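Shown next, in structure tokens, is the structure this report addresses.
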Amino acid sequence: MANHGGMTDDHDTTHGHTTTHGHDTDHGHNAAHGRRAADDRTMADRPGATDDRNTLDAWTDTVCRELGIAGPVDRAAILDLTKDVARGVARPAAPLTAYLVGLAVGAGGDPADVAERVGRLAGSWPTSRTAPEH
Numbered sequence: 001m002a003n004h005g006g007m008t009d010d011h012d013t014t015h016g017h018t019t020t021h022g023h024d025t026d027h028g029h030n031a032a033h034g035r036r037a038a039d040d041r042t043m044a045d046r047p048g049a050t051d052d053r054n055t056l057d058a059w060t061d062t063v064c065r066e067l068g069i070a071g072p073v074d075r076a077a078i079l080d081l082t083k084d085v086a087r088g089v090a091r092p093a094a095p096l097t098a099y100l101v102g103l104a105v106g107a108g109g110d111p112a113d114v115a116e117r118v119g120r121l122a123g124s125w126p127t128s129r130t131a132p133e134h
């Protein structure tokens, strides 16, 4: 397993596609209280999570097949990034960001670098929801 900025990667093969899953190394625990923060629940923590995961696996595999995407999809990284954008910028910015990240990667950008740069932007976005001055 590789560690990338607090994230570890593990790989599994589901429905013939390799999927990379990033896992937060602190497991979402609130260090001050020794318990998991409610907002940081993973899919596995929620009721019906197995059905959601199976649906997401099937959807990802179907879209990859339809679009001719053969490589691994780091679904966890995409979901984490869009979660951060939704919380730090605005909810409608999340799907738009996923699209823009896809365009950047499709144009030759390194997926990890693109995600890191966009994540940094989302993390530094002004809380007043106003655009930063350039």
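Per full-length UniProt numbering, the very first residue in the sequence shown carries number 1; after that it's consecutive. Here a beta-carbon is modelled for each residue, glycine too, at the ideal position from N, C-alpha and C. Quick caveat, the model's predicted, so the values are computed rather than measured.
Which of helix, strand or coil DSSP assigns to residue 138: There is simply no residue 138 to check, as the chain begins at 1 and stops at 134 in what is shown.
Among 53, 55 and 122, which one has its Cα closest to the Cα of residue 90? As a first step, residue 90 is located in the sequence shown; it is residue number 90 there, counting from the start. The shortest Cα separation from residue 90 among 53, 55 and 122 belongs to 122.
Contact under 7 Å by Cβ, residue 111 with residue 105: Taking the first residue of the sequence shown as position 1, residue 111 is located at position 111. Taking the first residue of the sequence shown as position 1, residue 105 is located at position 105. Contact flag set, yes.
Using 10 angstroms around the beta-carbon of residue 62, count the other beta-carbons present and answer buried if the total reaches 16, otherwise exposed. For the purposes of this step, residue 62 is taken as the residue at position 62 of the sequence shown. Here residue 62 is exposed, its C-beta having fewer than 16 other C-beta atoms within 10 Å.
Once you ignore the five residues that flank residue 95 on each side, which residues in its own chain have a CB closer than 8 Å to its CB? Residue 95 sits at position 95 when you count from the first residue of the sequence shown. Once the five neighbours on either side are set aside, the close Cβ partners of residue 95 are 82.
Residue 73 - DSSP class collapsed to helix/strand/coil: Your numbering for residue 73 matches position 73 in the sequence shown. Correct three-state label for residue 73: strand.
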